[in-house]
Each structure stands twice: as C-alpha cells, then as structure tokens.
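Residue numbers (my numbering): 34 to 166.
Think of the CB as a built atom: it goes at the ideal place given N, C-alpha and C, for glycine as much as any other residue.
None of the values given here were measured: they were computed from a predicted structure.
Contents: one structure, followed by commentary.
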C-alpha cells in the first residue's frame, strides 16, 4: 500500500465483540492505532503476567492528591508509555485537567499517526481516589 496504511495494520477491535452476523469486529488502520493507545493507557504495569513492564504508570498515582504535581507526573507517564509501546505515533501534546466529578482527571492527548500524518485527539478519563478528599 503506497499510502502508508499497511504499516498500521488491522486486528481484533477493542472491546472485543461480535457484529450482527456473529463475526468478530475488527479495527483497521488509524482505528487500530487509537485502540492500541487506549489499551496502553488502560493497562497498569504488572497487569499482564507475560509482559510485566507493559502499560502506563498512571495507575501507580491513583492515590495521589489532585494537583499540578500529580497532573505533571501523569502527563510524563503517558508520554513515556506511548513512546515505549506505540511506535506508530508521535505524541504532540498531553494535557491533564480536572473533570466534572470529584477525583476525575481528563488526559487530553493529541497525536499524529506517522504513516499517514493524520492528527487525532483522545480524551482518557482517569480517577484519582485521593482527589475526592
């Protein structure tokens, strides 16, 4: 494929589900990349026995108080995880801001898919247990 999309690939969609015909739903190209980014952010380190280092360090911060220091550490953990585990993207910006509920932080991620130069945005909700106090 001359448009670079072949490198992006396709695979089982996340969350895993079947369509009306009973076939497993797949994700292709940029959708597959976006789902991979979500999986990296949603996985805590040590969660996968065969890949104990895989995942994002934000889950180690769940009991930290809500504040600028915690937000900065979350942003760094997101950048580090994506740099290590998702080579198909360039992270352009990570912003962490309070959400509408106590303890909710919104991780606003801007990234570009390298093969196509298409820009995307993903907002990942993350709850701090210590932020609700």
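The Cβ atoms of residue 146 and residue 70 lie no closer than 8 Å to each other. Using a Cβ distance threshold of 8 Å, residue 129 and residue 115 do not count as a contacting pair. Going by beta carbons, residue 89 and residue 103 fall outside the 8 Å limit. Under DSSP, residue 152 forms a beta bridge with 145. For the stretch 77-163, the full-length alpha helix (DSSP H) segments reaching 4 residues or more read 101-118 along the chain. With a cutoff of 8 Å on beta-carbon distance, residue 158 and residue 132 are scored as near each other. Annotation for residue 125: 143, 144, 145 and 152 place their beta carbon closer than 8 Å to its own, counting only its chain and skipping 5 residues before and after. Per DSSP, reduced to three states, the secondary structure at residue 53 is coil, with no helix or strand assignment. Going by C-alpha positions, residue 74 is about 7 Å away from residue 111. Around the C-beta of residue 160, fewer than 16 other C-beta atoms lie within 10 Å, and the residue is accordingly described as exposed. Sixteen is the threshold: when 16 or more other Cβ atoms of the shown chains lie within 10 Å of the Cβ of residue 121, as they do, the residue is buried. Rounded to whole angstroms, the separation of the alpha carbons of residue 162 and residue 95 is 6 Å.
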